[in-house]
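These notes concern the structure reproduced below.
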Amino acid sequence: MYDIVIENGIVVYGDLKPKERMNIGILGDKISKISKNKLIGKKHIDGQGKLVSPGFIDIHSHSDISAFIRYECSSKIYQGVTTEINGNCGIGIFPWEKSNFENLKKYIQSQSDINYCELELSKFMNLKMLKKEIQNKVVTNQGFLVGAGCIRIAIMGFETRGATKLEIERMKKLLEDELKSGAYGISFGLIYQPGNFMSKEEIIELLKVVKKYDRIACFHMRNEGQYIKNSIEEVINYGKISGAKVNISHLKIMDKNLWGKSLEIIEILEKAHQDGVKISFDQYPYIATCTNMIVLLPEEIFTGNIDQFLENMDNINKDIYIKIKENIDRRGGKSNITISNAYLKNGLYNGKTLAEISEDLKLNSAETVLYLIKSSLGKVQAIYSSLDESDVLNFYKCKLGVIASDGSSIPLTDECRLGSPHPRNFGTFPRYIKQMRALGKLTIEQIINRITKKPAELLNIEKRGEIREEYYADIVVFDYNNFTDNSTFENPYLKATGVEYLLLNGNIIIDEGQFIKKIVGRII
604 MYDIVIENGI
614 VVYGDLKPKE
624 RMNIGILGDK
634 ISKISKNKLI
644 GKKHIDGQGK
654 LVSPGFIDIH
664 SHSDISAFIR
674 YECSSKIYQG
684 VTTEINGNCG
694 IGIFPWEKSN
704 FENLKKYIQS
714 QSDINYCELE
724 LSKFMNLKML
734 KKEIQNKVVT
744 NQGFLVGAGC
754 IRIAIMGFET
764 RGATKLEIER
774 MKKLLEDELK
784 SGAYGISFGL
794 IYQPGNFMSK
804 EEIIELLKVV
814 KKYDRIACFH
824 MRNEGQYIKN
834 SIEEVINYGK
844 ISGAKVNISH
854 LKIMDKNLWG
864 KSLEIIEILE
874 KAHQDGVKIS
884 FDQYPYIATC
894 TNMIVLLPEE
904 IFTGNIDQFL
914 ENMDNINKDI
924 YIKIKENIDR
934 RGGKSNITIS
944 NAYLKNGLYN
954 GKTLAEISED
964 LKLNSAETVL
974 YLIKSSLGKV
984 QAIYSSLDES
994 DVLNFYKCKL
1004 GVIASDGSSI
1014 PLTDECRLGS
1024 PHPRNFGTFP
1034 RYIKQMRALG
1044 KLTIEQIINR
1054 ITKKPAELLN
1064 IEKRGEIREE
1074 YYADIVVFDY
1084 NNFTDNSTFE
1094 NPYLKATGVE
1104 YLLLNGNIII
1114 DEGQFIKKIV
1124 GRII
């Protein structure tokens, strides 16, 4: 007698083994039996006409504070996601030291899209404390990378210089402590302050610690447009020197002048892999990015300290305005940059383009950017339509890649006043599957592998990512032909449809297409 039996479904195992009709018996939180024979359970789920897959693993997530939101953060589970890895792009909410506590708060405010919720940061200065604080409060299973930006701020604050040998040793010790506590690796935000000030020596020394513990280093590269090839070679070089696993976060080509160069980039990555570099990448299936508007500022005028920047804004010279305008053009131009959240009263300017806001304010585009940054105290988020569909589809073809959202588990309504968030928060995984189904380039086994076993292998996530006996019962039962992303840029708060049942650690949390408000996620 099993607790739950899933019967008559087409099982896609996650490991590239051919799909087949099987029955699955679940006891407690584990898969106990996989058999063609009839199984008896207390609860039976009819999988007739449905695919039965491991729960999807989102290795590039920003759900760092979802456990602290009092509303239902169900945007990911309706996509079939059961596990998320947070702390990406060098950003996170730990670790910190008392001497730089206030600096970490400023960092979160200015560089992250997780600043909409007030946090008592003093309750979790490290992963061990965070695990204790949020255990039994997460909708999905959640693991964490250590943000290199947090590590650097903990030791150096917002210093723009290179670290001393003593400071590097202190950073390495901080990282080692977090890896011992269960962090899956480190993330670098080399485009963001203070990550952009990190020297080659700092990064390689931290990667030596990552290699020692057989973890992974994920890189938001220094440049994803004009100098993208140089940035990729930089990451490859770090992997070659350190021997550590390196992953390029949200691989994309964000410069219209370079659209169509994706096959050349794939060739560079595959050559590095053939040469022994342990390199991979993740990507999301959209042609628009989303991040803080601060990325439009030249690095020489912003160290990461938002208060200091706001105090000195009136002293910005004409050359800086020219550079801001150039950055606007590189990211699609003012008509292709849309405000996701300006954090202004009554949602003012949310959903409006930079061009529309400039016209309303009677300011040029660079002046408008500075106005929005100042008015939001550095929080303003924007969506940049700056990618080409053919490049996105080409990256799908590369075996070194996996799919990840670069988004967060958030509510399906705007209780948190998020404005107009990117649809990737609501539709990444069904959109990917739908696109691959239409292309017909990969088998269903290959499609599922890239969102289950492959990401689990990259991060050494144990006993998840496969339908296998004695593995955790994280399972999605879904209608393959009607699995759909409904979220759009104009109307983002629409859940994905097509997931009939979702099991998390042996518990049913989506039953006949509806979330039953069971909080059974774990910190893994």
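Sequential numbering from 604 applies to the sequence shown in my numbering.
Cβ atoms here follow ideal geometry from the backbone N, Cα and C, with glycine treated the same way.
Beta-carbon proximity of Y987 to T892, cut-off 8 Å: yes
At the level of alpha carbons, what is the spacing between G954 and D963? 14 Å
With DSSP as the reference, please indicate the residues paired to N944 in a beta bridge. Q984
Assuming G683 and F1118 make a contact with CB atoms under 8 Å, what is their CB distance in whole Å? The Cβ separation is near 12 Å, so there is no contact.
In this structure, does DSSP put M625 in helix, strand or coil? strand
Measuring alpha carbon to alpha carbon, tell me which of F659, E770, K1002, T1091 ends up nearest Q877. K1002
Beta-bridge pairing of E610 - partner residues as DSSP gives them: D649
What first and last residue would you give for the beta strand (DSSP E) that runs through G1133? Outside the shown range of the chain (604 to 1127) lies residue 1133, about which nothing can therefore be said.
Thinking just about the alpha-carbon of each residue, which of K1120, A1059, S943, Q1049 is nearest to the one in N1094? S943
Could you compute how far the alpha carbon of L1021 sits from the alpha carbon of I927? 25 Å
Helix, strand or coil for P888, going by three-state DSSP, please let me know. coil
Give the secondary structure of N908 by DSSP, where H, G and I count as helix, E and B as strand, and everything else as coil. coil
My understanding is that N611 touches G650, with C-beta atoms under 8 Å, so please give their C-beta distance in whole angstroms. 5 Å
Pull up the distance between the alpha-carbon of G652 and that of I613, whole angstroms please. 7 Å
Going by DSSP, which residues form a beta bridge with N691? For N691, which the question treats as bridged, DSSP gives no partner whatsoever.
Quickly, what does DSSP pair I1126 with across the bridge? List them, please. Q745
Entirely enclosed alpha helix (DSSP H) segments - the stretch 807-885, minimum 4 residues: 831-845, 865-877
What span of residues does the alpha helix (DSSP H) with D932 cover, start to end? 921-933
Taking the straight line between their C-alpha atoms, what separation do you get for T1016 and K639? 42 Å
Comparing alpha-carbon positions, which option in A1041, S978, S968, P621 lies nearest N1084? A1041
Would you say the stretch 1020-1035 touches the stretch 928-947, given that touching needs at least three Cβ pairs under 8 Å? yes
If the criterion is Cβ atoms closer than 8 Å, does the pair I737 and P698 meet it? no
For the beta strand (DSSP E) holding N1110, just list the boundary residues, first then last. 1110-1114
What is the rounded straight-line gap between the Cα of E903 and the Cα of Y1096? 37 Å
Contact test: C893 Cβ vs the ligand NAD heavy atom, cutoff 7 Å: Among the ligands in the structure shown, none appear at all, so the ligand NAD cannot be discussed.
Touch test, the stretch 688-704 against the stretch 659-675, Cβ-Cβ under 8 Å, three pairs minimum: yes
Give me the residue from K645, T743, I643 with the minimum Cα distance to S678. T743
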